[in-house]
Amino acid sequence: MNAITTSLIAGSCLMLSACSGSVNVGGSETPQQRAAAACEAEAKTRLGEKSYQVDTAALVASARRVDDQWDLRGPITVEPGLRDEAKQTLECRVRAQDGKAAEVTYINFIF
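Numbering (our numbering), first residue to last: 4 to 114.
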């Protein structure tokens, strides 16, 4: 390869790697986003086969740090669009420490 081809390839790789940092992937999530994702996953486990919709943005926006945990609260609709549809509030408390998986320590569905 000549120097120009090598420079073009190296430059392209550099541009691609710079762009990849702007996407919210894995380790670039905020602690609030990690806590909200853990709450949503726990809600899914608790609801089993029921369909639901969580306002993830509201959960993230509500996140408040209390000691070593995050308190979150947001709307959740269980069985949306069905006769049994129920609008509720999801309360959740999550311990999210750097380098460790987020742990849900409390979850509650308020009617």
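C-beta: ideal position from N, C-alpha, C; glycine also.
Inset, instruction - Could you check what DSSP says for A99 in three-state terms: helix, strand or coil? - result: Stepping through the sequence shown from its first residue, residue 99 is reached at position 96. Residue state, collapsed to three classes: coil.
Inset, instruction - Please state whether DSSP places L50 in a helix, a strand or coil. - result: Within the sequence shown, the letter at position 47 stands for residue 50. If DSSP states are grouped into helix, strand and coil, L50 belongs with the helices.
Legend entry - Nearest-angstrom Cα separation, counted from C42 out to W73: One-based indexing of the sequence shown puts residue 73 at position 70. One-based indexing of the sequence shown puts residue 42 at position 39. Answer to the nearest angstrom: the Cα atoms are 10 Å apart.
Legend entry - Residue burial classification, G77 (beta-carbon count within 10 angstroms, cutoff 16): Position 74 of the sequence shown, counting from 1, holds the residue named residue 77. Label assigned to G77: buried.
Inset, instruction - Return the chain-ordered list of same chain residues with a C-beta closer than 6 Å to the C-beta of D58, the five sequence neighbours on each side being excluded. - result: Numbered from 1 along the sequence shown, position 55 holds the residue referred to as residue 58. So the qualifying residues of the chain are G77 and P78.
Inset, instruction - May I ask you to check if the CB of D101 is nearer than 6 Å to at least one heavy atom of the ligand COA? - result: The ligand content of the structure shown is nil, which means the ligand COA is not present either.
Legend entry - Residue burial classification, E52 (beta-carbon count within 10 angstroms, cutoff 16): In the sequence shown, counting from the first residue as 1, residue 52 sits at position 49. With fewer than 16 other Cβ atoms within 10 Å, it is exposed.
Legend entry - Which of helix, strand or coil DSSP assigns to P34: The residue labelled residue 34 in the question sits at position 31 within the sequence shown. In this structure, P34 counts as helix in the three-state DSSP scheme.
Legend entry - Same chain, Cβ closer than 6 Å to R96, neighbours up to 5 away in sequence not counted: Translated into the one-based positions of the sequence shown, residue 96 becomes position 93. Around R96: Q72, D74, T108 and Y109.
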